Every structure is written in C-alpha cells, then in structure tokens.
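Working notes, beginning with the structure itself.
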Amino acid sequence: MESSKKHDAPSGDEAFQFRMGLNDNKAGMEGLDKEKINKIIMEATKGSRFYENELKKDEQVNLRIEKMMQQKAQITEQQLKNSELQVNKLAAELDQSRNLSRIIVHIDMDAFYAAVEMRDNPELRNTPMAVGSMSMLSTSNYLARRFGVRAAMPGFIAKKLCPGLAIVPLNFDKYRDVSKQVREVLAEYDPNFLPMSLDEAYLDLTEHLKERNNCPEDKRTYFLRTDTAESSKVSEDELKVTEVEDTLSTSPVLFEDSPPLSLERDAPTCEPQGETVSMKNAVIFGKSVEDAVKELRFRIEQKTTLTASAGIAPNMMLAKVCSDKNKPNGQYRIPSDRQAVMDFIKDLPIRRVPGIGKVTEKMLKALGITTCTDLYQQRALLALLFSETSWHNFLDISLGLGSTHIERDGERKSMSTERTFNDMWKADEQYSLCQELCSDLAQDMLKEGLKGKTVTLKVKNVKFEVRTRASTVLSSVSTQEEIFSVAKELLRAEIEGASPQPLRLRLMGVRVSGFLNEEEKKHHQISIINFLKVRNAESNFSHSQPDETASRQSTQPPAGKGCGESFFNKKRAVRQQNDSKHFVTGEQKSQCARLPISTGIATNDPLMLSDTIECQSLTCPVCFQKQENSNLEAFNRHIDQCLSWDAYNDDADGKEAVETIREAQAPLNNTVGNKEGTADEVHISSMETNVLTVNQQNDSDKTMVDTQPNSTDNFVVINTQQSNSKKKYVVQEKEVDGNVPTSNTHHPQNHLAIEVPSNENEHLQETEDVTETWQTCSATLSEDMGLVCPVCNLCQKTTDLSELNKHVDICLNKGIIQELKKERMFHNNNGEHLNSTGTSGRGQQDLNTETRAKRSGSSAQQPASKKPKPNNPKHTIDKFFK
DNA sequence: ATACATACC
DNA sequence: TACTGGTATGTAT
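In short: position in the first sequence from 1, add 235, done, that's the numbering used here.
Below, the structure is given as structure tokens:
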C-alpha cells in the first residue's frame, strides 16, 4: 500500500498535504479550490521550523504505519478467522444490548466567537473575519471560510489566503456571558445537560419529550423578539428577506428543514406538529422531537441573536456527528431505530467521528478504511492490529454505538498552564518564567482547593520539539512554592541536560495532576504538613517574600533554593532555632554567604542559578567514574545502569556495556569539570557499597530522604533502583576529612541511602553544595544497619520502616506539641487559620479556542468550609515510609 | 510512573 | 515577525 512506503523527499507533497493541507471537512468549506489554497498555505509555511517539525511528526506517523503494515503481513488466515469469531461475538452482544431509548441532542453554536463579534459589530457582518490573532485564529465566519480561513490557522497565513480578512481579538468575557445565556435555555430542556465548551453541549431530551406530550400549546408558543437594541434595524431588514438562508437572522425561517414561514402566514406549513405562527410574531412549536429542538434553537436565537445547530440521535456519538450535518443553523435527526442508525453510519467517513483525528484516519486509510462500513468489514483485522481499547472503540463506531447517557465528568484530573513566547534562552529568564507559571497555577488550584502529587514540566524548543518531564512527590503540592520547588528541578535538569548549549524555548508549561481526593485532602488538612504551612503563612503574612528569604538565610543551612519548603527542612529549622546544641559550622557559614538561599521567589536574582554550577561532579560508587552532571536524576540513572550491569556480572555483554558507559562518560569529566576543586566538590569515595532490597508493598513506595545538613553526619543517599516492585537501596558512606561518621559509630560502614523522588530531590542536590554536612537516613540492616530518624537525626536501631515511622511520629509530635504551646501563647483563638484550604467549588476555566471549558457554572456548589479538626499529625508521616 | 502522541474545542 | 492553551486519554516503555 502506498502509505506503507516511506515518503520520499521531505518536500514531497504527500506529507505536506497530510499535516499542513487544508482541513475541509468542516462546515462552510465545501467546493473550495483546495489546490490553490494549499499552495498558498504551503508557500507561507514551507521552510519554517514549524513546517520542519510537522514533517518530522509526519515521518513518525509513517513509521507507525509501516510497523502496522508489517504486523499485518504476518497475520495468518487462521488468526484472522479466530479474530473474526471473537469480534463477531462481541459485536453481537453489543448489537443486542443496543440502547435506542434515549433522545440525545448535541447543540453547537455556529462559528460562535465570530458570530458574537459580528453581532456586536455590524461592520463585521459582511466581511470575511476571524477571531484570534496574527499568530492563531480561534474561529472564522462563513465568509472567511470561503477563502479557506478556518479555526486553528495562524492569522498571518489566513491573511495570505484572504487579504481582506478582519481579525478580531478574543473577548472571552463576552463569550462567557453569551454562553451563559445559551445554557439558561438548555437547562430548561435538560437540567442535567452537559456543556462541553462555551459553544457546545449535550442534552438528554428524553424526559423533556415525555413532559412535552402533556404540554399545552401556549407553553410551546414563543414570540419573536421585536426590537434588538443596536441591531434592530438590521434585524428588520433581514426579516424581510426571509428566503436568504445565509443571513444572520432572528427569524424562524432558517429552520432549514421546513419551508420558510411568512410571518404573516398562519398555516402550518409542514407536518401537523410543525411550528406555526399563529399570530403576529408568535411561533407555536409542536410536540415532536424535531420541534422541541427547533424550539430550543429558536429560543437561543431569540435570546442571543446567534444561531445554533443541533444533532439528534440515540447516542452522543451520533448526535455529535449529526450536529455537523446541517450546519450552520440547521438540525438533523437519526430516528431511534436500528436500521436508521445503520443507514446513517453506512457511508459516514470515519474522520467525522469524534475521537478519530488525522493520525487515526491516516492509519486506517492505510488499511483501506475510510467509511464506517469499511471499519466494520475490517473488524477482525483491527482487533489484531490495535489495542483492545482502540478496536473496541472502532467496533462501537462501526455499529453506530455511543454513550447513551450524558454525565457530568467526574473530578478533574489535572490542571495546567502554559505560555508561548519567542526564543528564550537565558536560564534565569526561564526559571523566573517557570516560577510565574507555578504561581498562576497555584492560584488556579487554590480556587478549586486542589492539591496534587505530580508536577509536570513541559517545554517546547524553538524547533517545536516538545518535551515533558514529570515528578511525583510524596506529600502533595498546592502552593506556588511547592509547585515551583519541584518544577524548577525538572527545569534545571533540562537546562543542564542541554548544557553547554542553552535551552532555546518557545513554550513552557507546568501541570499538576494526581489530585488528592476529598478523603485524602481532609487527611492532609489536619496533618502537620498543612499545619506548618499555615503557621508559616501566618507568620509571614505581613512579610514580603524577600523578607522571608532573608529570614531563612539566617536560620537555614545553605540548602539552596526552595529549601524552606520541605517539611523536614521546616522541622529542622525549628529545631535548630530551639536547640542551642546545633551550630552552624564555619564551612556552612561561608556557604551561606556564597550560595543563593533564595527560595526562588526573588525571580530576577541571577545568583539563583549559581548553585547549579557550584557543584558539578558526583562520583559513581559503582564504576567510580566521576559523573559531571550534577543532576541527581541523571546521576541516579547512571548508577541504575551500572548496577543493572553489575547484576549481570557474568554476562560478557553486560561488562562490555559498563565499559561503554565508562568510556562514554570519561570525556565528559574532562570537559565540564568541576569548579576548581572547591570544597563543594562531592567526593563519594566509596568505602563500601551495600545494596539492599526492600519489598515495597504499595506504590507509594518512595522513601524519603533527609539531606538536611544540620549536623556532622557524613552519609549520602544515593539511589534507589526499581525492579519488579522491589527497590534496591544503594548505600554509600561519604568520607569526610578523616572524620569518623558520628551517628552510627558502631556501624560506620553501612548507611542506607534513601532517595527521595521529586520534591525532595532538591535537597539531594543541596547536599551536593554543602559538602561537609552530609546527612542521611542511615539504617541498620539485618543486624548492622539502622535507620536514622530524619527529624531527630538519631539512629533508630531498626530496619523495620513501620517501626521507624512510629518513632518519627513521636518525634514529630514533640515538635507539634511545642508549636502548639507556642501557638497558644501567642494567639489564643486562632483555630480558624487551619481553614485556609477551604473552598472546593469548581471554577470554570473556559478559555481559548472557539471552544473550551469543561465546566458549567451551574455545578453544584459544595460547602466551602472545613472544620478545623484537632490536629492529628500522625498519618501524614506514615506515608513517607510506607 | 513517565514520556510522548493524539484528540477535542 | 508570526503556528494557541487546557484537559483527557491512548500508546509505548
């Protein structure tokens, strides 16, 4: 097949057509000179970085297709037969249980943003126009579509297609207002309607139709709006030319599937139940499904002066396809009847089906599938080539099946923010942008009372290559500082990974996911973590952030950015303040002076970056090669690799591979080099390496690390390696100027290194900076290792993590009790402060393209208050060591 | 769990 | 000059 072959030159038209070519399968784009349009688009885009990237992506798709075709070639007749039997069985079941009892309606506002702008500015009505910017259009009006101008096209290209194009900037507030008006109408037909965006919604009209049967005529009578403030004149004009289909109109005439009604005419013109103008300016709608939807659309138009299209079908998938059928300002119904569904499906191009985009379309095309009939015929093959979810979906589609009950989506799963800009390569700018994003995101999260466990950084370089880097933390994040403390490490890794080249970015984004459910949130809310946060916020409330930084400088060890955000850091800071036995060493002081202590809040501080350079080398305890990359993750990865080869020590290949790794890394050592042998250089001259395997029971198996350099401990945590739900903890002792490790003098050689993923990673790196103050969780394993409590830093003679947890709990409780005492002394009745994470309503975050917003404003509000429970610090910590 | 891709509006 | 932003989900590792 053609697509199974590699595409020839990148300049080949095929790839271009695929990625860049005009997408004309939308309404308003029929009968265009596609060739001419494509030529213009091509000229405008060819050679650009964007285009180059598109070609690259296209090649990836071709590769996928190639692989698929190879797989296909290996399939035997027998396999296909078997597959067919299986698939047929499922198909029969699906067909059997087909539910045709619901009347699902999909409402889609026509060229929504553009229509709003045209409504509000008569000058735009008779000119091709689009909403958006020179960089990106959200939507275009139908006049512009004639030129090939459409949504998701950059404005500057649109201008080439249509020099007269008017581009109007987005005006979301307005669209939201209009959308609200529309939704008010929808709610009357289905209070549980499902908004998909500002301009789209699903309704289940089944109930309404039952009621409608007993609905007296006067309740189905609606009046034409007679005056429309600013546009009244135009409306009148338009009412006179009722035959013109294309005009924006307040007339019911445009219900395409019934003959135009003259306003003065009384007679029902179509079926008996059809809408009727019984008196001047009044329209009576019948009881049928179609009439109900016409009525609904009529009311939308009367209310907003905007038209909507609708699809009516027994399920959501079909309804969605139908709403496109007679767009604009039309509706289409598939009767609730199996044959009607199958007839409709028969020639339906798969691309029309929601969920089948250009890639899937192309892949299926390679298999000779373009219509739903093809899809059904190839069902056995598809079951062999695609994942279960995929081919099930294909089968559903080919049977005309879809969801029959619309339900509001559950809890949101992620929240993110991202920004595009031009070529940014300075690291300090990147960090401060990252921080800004975190700040924005934190604000959004606060509105919904969200706390998440995974932070993802997204970057797109100037070549349009996208990378995402994620990190999951043990506790949750919600504040700007918390998110940033994770995000900045991810960014740091990216920057360092690209070094010595700068990262040249065009976009950066931050996402938080893995939200705590209500239960977990409550749990956390009463936990000490939040308790401390609240306390922190309280005490800093009137302080500016630089003040906070400054105060940290005096109380915290030079742990680097974000150090104050770690729970244990906080704990230790408190301890340090209270405990006169802890001194800051001279070394630490000098570090204090040199290292940026900024939490990163002071964004423009160029010093902020210096600690990334400060310490560049780590020595791998397995291969003894110096690793230049100060990025701990990379370092860990390296060790993982070394270890996994070690595990196959007898394997010649494995050995070779280790050598390869060593060789590959050797040159690096010479080039990047560490900063002129400062005391910051991390020397892990290994005295012994222990690998211990710990069974991990659950997936919150990340162990926490404590790297806070507040004592003279000398151990460094190195790595955990995952394999089959087990973790190997590599233990490494650090040699410190002949000092004997203090905390475990009886077993100085064995120290458990526990990695902390995520959040706490920064502290690992901080440790790099503070050479003389290594600190670990050390442990006695079997008989000779013990775990060190991260709070009191004392070795607990146990390897049992739950035992250690108990101890940590106690340790923590001590602190809490102290704090409570203080608290009571200073504020007598401050319990309410615990409440600060309160609200959990869903904000609506509608934005952007012609459509957005998964949330309706109509969502049920939840009680916004949470009782400040008596503190129960215990559980939060448990998690750390599970 | 992470990374990357696809899809939708 | 210039090719989005937010969310969910699928695919692959």
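Where a beta carbon is used, it is the ideal one built from N, C-alpha and C, also for glycine. These figures come from a predicted structure and were not determined experimentally.
Secondary-structure assignment with DSSP links P570 through no beta bridge to anything.
DSSP, reduced to helix, strand and coil, places M369 outside both helices and strands of the structure shown, so it counts as coil. Around the beta-carbon of Q331, fewer than 16 other beta-carbon atoms lie within 10 Å, marking it exposed. Nearest Cα to L433 within the set K324, A543, Y377: A543. Of the residues D679, S633, F428, V745, the one whose Cα lies closest to the Cα of P584 is S633. By the C-beta density criterion, N297 is buried, having at least 16 other C-beta atoms within 10 angstroms.
In this structure the segment 671-685 does not touch the segment 728-736; the number of beta carbon pairs closer than 8 angstroms is below three. Ranking L619, S667, E700 by CA distance to the CA of Q306 puts L619 first. 9 angstroms or more divides the Cβ of L531 from the Cβ of L400. In the assembly as shown, F533 is a buried residue. Its beta-carbon has 16 or more other beta-carbons within 10 Å.
By a beta-carbon distance limit of 8 angstroms, T689 does not contact S622. Their separation comes to about 24 angstroms.
Here the alpha carbon of S283 sits roughly 50 angstroms from the alpha carbon of L320. Cβ contact annotation for D572 (same chain, cutoff 8 angstroms, sequence separation greater than five): L335, in chain order. The beta-bridge partner set that DSSP reports for L438 consists of V340. Taking T608 as the centre and dropping the five residues before and after it, the same chain places the C-beta of I580, K581, D582, S633 closer than 8 angstroms to its C-beta, in chain order. The Cβ-Cβ distance between I342 and S523 does not fall below 9 angstroms. Collapsing the DSSP output to three states places L726 in a helix.
Within the segment 351-436, the runs of beta strand (DSSP E) at least 3 residues long that lie entirely inside it are, in chain order, 364-367, 372-375, 401-403, 429-432. In chain order, V351 place their CB closer than 7 angstroms to the CB of K409, counting only its own chain and leaving out the 5 sequence neighbours on each side. Annotation for R284: the continuous alpha helix (DSSP H) segment containing it runs 284-309.
Under the three-state reduction of DSSP, I519 is assigned to strand. Between K395 and A279, the CB-CB gap stays under 9 angstroms. Counting every other CB atom within 10 Å of its CB across the protein chains shown gives D293 a total of 16 or more, marking it as buried.
In the three-state DSSP reduction, L620 falls in the helix class (H, G or I).
Distance between P737 and K693, taken at the CA atoms: about 16 angstroms. Between the segment 655-675 and the segment 713-720 there are three or more C-beta pairs closer than 8 angstroms, enough to call the two in contact.
For T703, the number of other beta carbons within 10 angstroms of its own is below 16, and it is reported as exposed.
Around the Cβ of F347, a 10 Å sphere holds 16 or more other Cβ atoms; the residue is buried.
In this structure S375 touches V384 by the C-beta definition: roughly 5 angstroms separates them, less than 8 angstroms. In the same chain as R741, and ignoring 5 residues on each side of it, the C-beta atoms closer than 8 angstroms to its own belong to T655, F656, N657, D658, M659, K695, N696, V697, F699, in chain order. R447 and D526 have their C-alpha atoms spaced approximately 10 angstroms apart. Note that the C-beta distance between P549 and I569 is below 9 angstroms. If you draw a 10 Å sphere on the C-beta of N628, you find 16 or more other C-beta atoms in it, and that means buried. Distance from the Cα of K269 is smallest, within the candidate group A326, R381, V322, for R381.
Ranked by Cα distance from Q566, the first of V576, A575, S651, A545 is A545.
Judged by DSSP secondary structure, L325 falls within the alpha helix (DSSP H) whose first and last residues are 312-331.
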